[in-house]
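Here's the structure, in structure tokens; my notes come after.
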Amino acid sequence: MSSSPIMDENTQQPSVLGTRSLQDLQMAKECRASEALKIKDQQVRMLTEQNIKLLSSLDRTEEELRTFQLEKLTIEEENRNLRQSNFDLQAKTKSAEGQLIELRSAYEDQESQLSTMTAKNTELFELLGAEEANISRLKQEFEQCKVESTGLSEKYVGLVHSSKEAEDTAKRLSRDNSLKADEIRVLRLEVEQLKQKNSELSIKSTVELDTAHEQLRVRKEKQYQLLGKLQSQEEYIRQAEDQSKEFEKSIRELQQKSSELQAALQLETNARMSQDNSNRTMSIDFQTVSAENKELSSRLTGMEQERLKLEAEVRDNGEQLREMAEKVFQLLERLKLAELGKKKSTEALAKKEQEIFAVKKALKKMAEDVLDMKKIREKLDAEKRILEDQLRGLKKMNTQLAQKLKEETKVRLREEEACKDANEKVQTLDGRLAFILKRLQTDEENKLIQQDDLEKKETQVQIMVQKCEALQNKLSIAEENNRDLSNKVHQAEKELKDAKIKLDSMEQTRQLEEENAFQSERKAIQTKETGDRHLAGGQLRFFVDNRPSLGYLVISGKSPKDKAWIEENGCNAFLRKISKSQNATEAFAKKIAELYGVIVLGEEKVEKAINDLKSRNNDLEKLDRELDKMQTFIYSEEESKRRILLRYVRAVKASVSLGEPGCEEDRKEVGRVGAGRICLPDSSLGDEEVHVIVAMLRNNRTIEELQLRSNYISDDGARAIAAVLAEPSAIKSIDLRENNIGMMGIKAIAEALERSERVHKVFVHPGGKIEALGATEDVTASETIALAVTTACVVDVRDNRQKTAGEKFIVSNRLRGLQRERPAEEKAGHSNKTHSSDERPSMSQSPSTKRRQRKKKSNMILRPRPSSVGSRRGRH
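Be aware that the sequence shown starts at 1, since it is given in the UniProt record's numbering, and climbs by one per residue.
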């Protein structure tokens, strides 16, 4: 009874513990649930607060957007105002630039006028100095003429004495000539005798050559005999081959018999032992025979080596002997098989050995014959060498005799030429005496004429002095005017420089302000427009699928390309991962950050590309401006060069032409009458300038020389020069070295010279020099007309090179740049000067119009009308 209550107490204690643990668990769960609810409430509160903040921030952003839009409108209005102001400033700058251009043109005109005035002043001073020098020269010449008249009278007396002495010398020379003629006859007779001796020597040499040929024929016959012997030896070899064939047939029969005997031997096994003994003895004999055969083979190889040294005919025999030896070896091998059969093969071997000894004897005989042939050939070679030495000696004798004859003939020809020269000198002395007498008469007449000319020139000098005084007064007035103009020009230049500096500063400040405003506007607009564009583009291309059957959000595209792009980039896979993971917001945020980074990088790259494009466009604009400036500068230089060239050619023509009317003003460019020569080396002349020079030289009989070395003349310019040479002209030499003329240009010049009336024959020397020969009439003292050959014209086209493809391309581009149209201001300025532009070719016209004008106005340039004299004077 005492143990039962104790047991009850023990059972009650665990039950109470279990109930307490369950209650504690329930209380813990409730506490956790309450804490979780509190946490959720707090999260909800935080989310609500965040939503409120987001809504407030959205309101603020909307207000900021409105304010930004208002600011944008105001900024756009300001931009419009600024653009209008910019347009106004640009118009003002353009007007200022036009004024500057006009001022520059006026300044250039003034400079050109000043340069012309200074040039004219220098020319007038030079003319005055030249006239004073001419007056002093005329006085000196008049005094010299008096002195020369007295000297001529004295010379006349001396010439009379010299004429008498010349007559005496002429008589002596005639006697000497007669003696020399007799000596020449004697020399001719000696030459004929030498010729006869040469003919006899040639006959002897022919006879000796015939004997040598006969000896050679005899030796050839001996060689033919030796060849016959060789052919007989070849026949012996052929017979040996026939015998070997017969041996082969017998061997075949033996082989058949041996096969039959083998069948019998199979039946007769008892007799094998005796046959074995006999076979052993036969093998010993066979070994001895094989040793002898080896010795024979070694001897044959030695013989073959000796035969290789012989000529081609003996080599053929050696090859045939080799074949025989090979056949013998084959026979021996077959005999081995036959000897194993029976004793009868021994008889065949003995016979074959006898045949081999016979062959050896024949080979020995052949070797002896070959040695004899070698000796004979060596003798023939020695005889040939002797004959060749004899022939060489004869040739040397003949060459020596021929040299002696040539020297003698040269000496006699020199003597004949000396006689001819003496006769010609006598004739020239007679002609000179007659010429001197005529010249004395003409000198006396010229003295009277010069006295009259001196009186006329004195009157002309007085008139020129009066004109010079008037011109000096005009020059002093012009110098004062030039000084005033130069002062005004300097002041205008200073004002222009100040205006340029101000304009540059204004433009720089304006450009900086515009760039800053434009960049700020562009950045604000780009940030707004890029978001709107991306959103609009995304809404048009992609959409979100919220179907509950899928279990998660899915992005799909409207076009198949967009769907493929989504699959390639793994957008839906990313959404699946996020739907399964617990921290979806962090993954979304990371993805969005990555996308924003990519967008920003793309925008930065676009901005860099835009900036690069702008910088490149600015560089291109600068280069275009520089090119325009260079082209205008080159154009002005080319036109000034053209004008200078025309003035130079006209001045040269005026200096040479004494009687052409209307050349007084042009003659002042040169100042004196000189030679008909146009010198333009290293002047960078092209085909167009050559066409101008050619147009000026048409129908001209005064200019004799053209120097156009080291220029850029091609085949086209050469054809133009050829057209002038084909016509009647006075040109005697043309220098076209170091240009770009090819074979076509040289051919055109040569053909043109052939068509010319004054040319009879044309020679084109290697290198490019062209020489044209003509004929002139000379009247001798006996009033007989004689034709003398002279060089009518020489054209030097050496050291020329044709242009490469790259050089032609550069020149074509240069010409295109030069042929561009002038600016509007230059056109307006030149439209008022139609007379001057019509009279001379200009660079602004196209090549086709220039060629037409050249054809129409070539005669007008060369033969000016009286009405055009005033315009020409105005130009100069």
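Virtual Cβ for every residue (Gly too), placed ideally from N, Cα, C.
Given the structure is predicted, the values throughout are model-derived calculations rather than measurements.
* **Beta-carbon proximity list for Lys438, same chain, < 7 Å, skipping 5 on both sides** => For the purposes of this step, residue 438 is identified with residue 438 of the sequence shown, where counting begins at 1. There are no such residues.
* **Complete alpha helix (DSSP H) runs within the stretch 562–602 (minimum length 4 residues, chain order)** => Those alpha helix (DSSP H) runs which fall completely within the stretch 562–602 and span 4+ residues are 571–580.
* **Backbone secondary structure at Ile741 - three-state DSSP** => Working through the sequence shown from its first residue, we reach residue 741 at position 741. Of the three classes helix, strand and coil, the one that applies to Ile741 here is coil, per DSSP.
* To do: Excluding the 5 residues preceding and the 5 following Ile566 in the sequence, name in chain order all residues of the same chain whose CB lies nearer than 8 Å to its CB.
  => Mapped onto the sequence shown, residue 566 falls at position 566. Around Ile566: Phe542, Ile555, Ser556, Gly557 and Asn572.
* Just checking my contact of Asp796 with Asp735 at CB under 8 Å: how many whole Å lie between their CB atoms? -> In the sequence shown, residue 796 corresponds to position 796, counting from 1. In the sequence shown, residue 735 corresponds to position 735, counting from 1. Yes, Asp796 and Asp735 are in contact; Cβ-Cβ is about 5 Å, under 8 Å.
* **Cβ-Cβ distance between Lys732 and Glu704 below 8 Å** => Taking the sequence shown and counting its residues from 1, the one referred to as residue 732 is at position 732. Taking the sequence shown and counting its residues from 1, the one referred to as residue 704 is at position 704. Annotated as proximal: Lys732 and Glu704, with beta-carbon spacing under 8 Å.
* Asked: Between which two residues does the beta strand (DSSP E) harbouring Val762 extend?
  -> Here residue 762 refers to the residue found at position 762 when the sequence shown is read from its first residue. That run of the beta strand (DSSP E) goes Lys761 to Val764.
* Asked: Can you tell me the Cα-Cα spacing of Thr585 and Asp612, whole angstroms?
  -> Along the sequence shown, one-based indexing puts residue 585 at 585. Along the sequence shown, one-based indexing puts residue 612 at 612. Rounded to the nearest whole angstrom, the CA to CA distance from Thr585 to Asp612 is 40 Å.
* **C-beta contact flag for Ala587 and Ile599 at 8 Å** => For the purposes of this step, residue 587 is identified with residue 587 of the sequence shown, where counting begins at 1. For the purposes of this step, residue 599 is identified with residue 599 of the sequence shown, where counting begins at 1. Not a contact, by the Cβ cut-off of 8 Å.
* For Leu613, three-class secondary structure by DSSP -> For the purposes of this step, residue 613 is taken as the residue at position 613 of the sequence shown. In the structure shown, Leu613 adopts helical secondary structure according to DSSP, grouped into three states.
* Asked: The beta strand (DSSP E) with Val554 in it runs from where to where?
  -> Taking the sequence shown and counting its residues from 1, the one referred to as residue 554 is at position 554. Start and end: Val554 to Gly557.
* Asked: Can you tell me whether DSSP reads Arg414 as helix, strand or coil?
  -> Mapped onto the sequence shown, residue 414 falls at position 414. Residue state, collapsed to three classes: helix.
* Stretch pair the stretch 713–722 + the stretch 681–696: three plus CB contacts closer than 8 Å -> Contact annotation: the stretch 713–722 touches the stretch 681–696, with at least three C-beta pairs closer than 8 Å.
* Asked: Given that a residue counts as buried once 16 or more other Cβ atoms are within 10 Å of its Cβ, and exposed if not, what is Asn711?
  -> On the sequence shown, position 711 is the one that residue 711 refers to. Looking at its Cβ environment, which holds 16 or more other Cβ atoms inside 10 Å, Asn711 is buried.
* Exposed or buried, which one is Gly98 when buried takes at least 16 other CB atoms within 10 Å? -> Translated into positions along the sequence shown, residue 98 becomes position 98. Classified as exposed, Gly98 has fewer than 16 neighbouring CB atoms from the shown chains inside 10 Å of its CB.
* Hey, would you say Leu401 sits closer than 8 Å to Leu201, going by beta carbons? -> Reading the sequence shown from its first residue, position 401 is the one you call residue 401. Reading the sequence shown from its first residue, position 201 is the one you call residue 201. Yes, these two residues count as a Cβ contact at 8 Å.
* Put Gly774 into one of helix, strand or coil per three-state DSSP. => For the purposes of this step, residue 774 is taken as the residue at position 774 of the sequence shown. The answer is strand: DSSP assigns Gly774 an E or B state.
* Out of curiosity, what's the CA-to-CA distance linking Leu601 and Lys590? -> Locating residue 601 in the sequence shown gives position 601, where the first residue counts as 1. Locating residue 590 in the sequence shown gives position 590, where the first residue counts as 1. Our two residues, Leu601 and Lys590, have alpha carbons roughly 17 Å apart in a direct line.
* Asked: Three-state secondary structure (DSSP) at Val544?
  -> Along the sequence shown, one-based indexing puts residue 544 at 544. Reduced to three states, the DSSP call for Val544 is strand.
* Asked: Should Asn740 go down as buried or exposed, given a rule of 16 or more other Cβ atoms within 10 Å for buried?
  -> On the sequence shown, position 740 is the one that residue 740 refers to. Buried.
* Asked: Do you know offhand how far Leu645's Cα is from Glu639's?
  -> Reading the sequence shown from its first residue, position 645 is the one you call residue 645. Reading the sequence shown from its first residue, position 639 is the one you call residue 639. Distance between the alpha carbons of Leu645 and Glu639 is about 10 Å.
* For Val411, which option in Leu708, Leu179, Arg188 and Ala726 has the closest C-alpha, if you only look at C-alpha atoms? -> Indexing the sequence shown from 1 puts residue 411 at position 411. When each option's Cα is compared against that of Val411, the closest is Arg188.
* Length of the line joining the Cα atoms of Met117 and Leu706 -> In the sequence shown, the residue the question calls residue 117 occupies position 117. In the sequence shown, the residue the question calls residue 706 occupies position 706. C-alpha separation (whole angstroms): 30 Å.
* **Collapsed DSSP secondary structure at Asp430 in the structure displayed** => Here residue 430 is taken as the residue at index 430 of the sequence shown, counted from 1. Looking at Asp430 - three-state DSSP - the assignment turns out to be helix.
* To do: List the whole-angstrom C-beta distance separating Lys457 from Leu127, where the pair is believed to meet the contact cut-off of C-beta under 8 Å.
  => Here the question's residue 457 lines up with position 457 in the sequence shown. Here the question's residue 127 lines up with position 127 in the sequence shown. Between Leu127 and Lys457 the Cβ distance is about 16 Å, and since that is not below 8 Å, they are no contact.
* To do: Measure the alpha-carbon distance for Glu241 versus Val370 and round it to whole angstroms.
  => What you label residue 241 is simply residue 241 of the sequence shown in a count that begins at 1. What you label residue 370 is simply residue 370 of the sequence shown in a count that begins at 1. Spanning the two alpha carbons is a distance of roughly 21 Å.
* Smallest Cα separation from Leu773: which of His760, Gln110 and Leu22? -> Position 773 of the sequence shown, counted from the first residue, corresponds to residue 773. Comparing alpha carbon positions, the residue from His760, Gln110 and Leu22 closest to Leu773 is His760.
* If you draw a straight line from the alpha carbon of Val606 to that of Tyr596, how long is it in whole angstroms? -> Position 606 of the sequence shown holds residue 606. Position 596 of the sequence shown holds residue 596. Cα atoms of Val606 and Tyr596: separation of roughly 15 Å, rounded to the nearest angstrom.
* Asked: Thinking C-alpha only, which one of Gln196, Glu319, Asp59 and Arg252 is nearest Glu333?
  -> In the sequence shown, counting from the first residue as 1, residue 333 sits at position 333. That would be Arg252, whose Cα lies nearest to the Cα of Glu333.
* **Reduced DSSP category for Thr791 - H, G, I as helix; E, B as strand; rest coil** => Locating residue 791 in the sequence shown gives position 791, where the first residue counts as 1. It is a strand residue.
* Helix or strand or just coil, what does DSSP make of Lys769? -> As a first step, residue 769 must be located in the sequence shown, where it is residue number 769. Lys769 falls in the strand class under three-state DSSP.
* Length of the line joining the Cα atoms of Thr206 and Leu387 -> Here residue 206 is taken as the residue at index 206 of the sequence shown, counted from 1. Here residue 387 is taken as the residue at index 387 of the sequence shown, counted from 1. C-alpha separation (whole angstroms): 14 Å.
* Once you ignore the five residues that flank Leu55 on each side, which residues in its own chain have a CB closer than 6 Å to its CB? -> Locating residue 55 in the sequence shown gives position 55, where the first residue counts as 1. If we look at Leu55 and ignore the five residues flanking it on each side, it has no Cβ neighbours.
* What does DSSP give as the partner residues of Asp796 in its beta bridges? -> For the purposes of this step, residue 796 is taken as residue 796 along the sequence shown, with counting starting at 1. Beta-bridge analysis with DSSP links Asp796 to Asp735 and Lys769.
* alpha helix (DSSP H) containing Glu689: first to last residue? -> Locating residue 689 in the sequence shown gives position 689, counting from the first residue. Going by DSSP, Glu689 is part of the alpha helix (DSSP H) stretching over Asp687 to Leu697.
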